[in-house]
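Trainee: Have a look at this one before I ask anything.
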Amino acid sequence: MTTSPLPQPESVGDGAIIYRRALNDHDQKSLSGWTMAACNAAGWLAPVTPGGKPFSVRQMNFGPLGWVSDRRGYRYQADHPETGQPWPAMPDTITDLWNACLPDAPEPQCCLVNHYTDSARMGLHRDADEEDQTVPLMTLSLGAPARFRLGRPERGGPTRSFVLDSGDILIMGGTSRRAYHGIDKLLPADALFSPDLGFDGRLSLTVRRVTS
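Reading the sequence shown from the start, the letters are residues 208 to 419 in this note's numbering.
Shown next, in the form of structure tokens:
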């Protein structure tokens, strides 16, 4: 990854900020190419809820721990549930971005990859399976822009939405760390902000600290 200073953060409320275009086109293409190759080689997951309802995204993980959703429940584990192999190592680009955005945070342990196609979405949910829920979440968007919805820690509270473009980094700290959030839909690519990265849809790479 080329080393360049982060842009000025844009506050979206309750401790959530966005670094717009934190990755240039070259770095986006390099990271997305590596991500797709690593996920294809390790084997994408087709997650379902504990009740058996399928997600509209496919998933994979990098790092010592991976988040898994299946009929056994939501959990973190150290190996791929279908192959028994360890998750691929977290790429240096991700840890470098984490350290740049969150210099005082402990090292990340999980990078959850969600691959959205045109019809995929993610309903409002909270990231609440981590032992340590004080460390902010970091999400990097690659590919098609998406409309992100951010609520409050309580279900049914007011929400607001904003667009995440390719190369944007969203940090959810403060009150927003436990807020309900989701993806309403993907948006048509913008020639100015959506470089051709060689894959369809959107990759969301959400990086977390899991243990205390």
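All C-beta atoms, glycine included, are put in the ideal place defined by N, C-alpha and C.
Mind checking whether I390 and Y323 have CB atoms under 8 Å apart?
Mentor: yes
Trainee: Drop a sphere of 10 angstroms on the beta-carbon of T209, count the other beta-carbons inside from all chains shown, and report buried for 16 or more, exposed for fewer.
Mentor: For T209, the predicted structure reports a pLDDT of 48, less than 50, and the residue's modelled location is therefore unreliable. A value from the coordinates is still provided. Burial call: exposed.
Trainee: Counting only the same chain and skipping the five closest in sequence on each side, list residues whose C-beta sits under 6 Å from that of M329.
Mentor: G389 and I390
Trainee: Considering only C-alpha positions, which residue in the set M267, I225 and C308 is nearest to L357?
Mentor: I225
Trainee: Name the residue from T256, L377 and C318 whose alpha carbon lies nearest to the alpha carbon of C246.
Mentor: C318
Trainee: Under 8 Å between the Cβ atoms of Q235 and P402?
Mentor: yes
Trainee: Go ahead and pull the three-state DSSP assignment for F406.
Mentor: coil
Trainee: Between I325 and L393, which are expected to be in contact by the criterion C-beta below 8 Å, what is the C-beta distance as a whole number of angstroms?
Mentor: For the record, residue 325 in the displayed sequence is Asp; it is not Ile. Sure, about 6 Å apart at Cβ, within 8 Å.
Trainee: Look at the Cβ atom of A249, then the Cβ atom of P271, and state whether they are nearer than 8 Å.
Mentor: no
Trainee: Restricting to Cα atoms, I'd like to know which of M345, A244, L412 and P254 is closest to S383.
Mentor: M345 is the residue among M345, A244, L412 and P254 whose C-alpha sits nearest the C-alpha of S383.
Trainee: Taking E314 as the reference, give the member of D339, L349 and G405 with the closest Cα.
Mentor: D339
Trainee: Around the Cβ of V264, are there at least 16 other Cβ atoms within 10 angstroms (buried) or fewer (exposed)?
Mentor: buried
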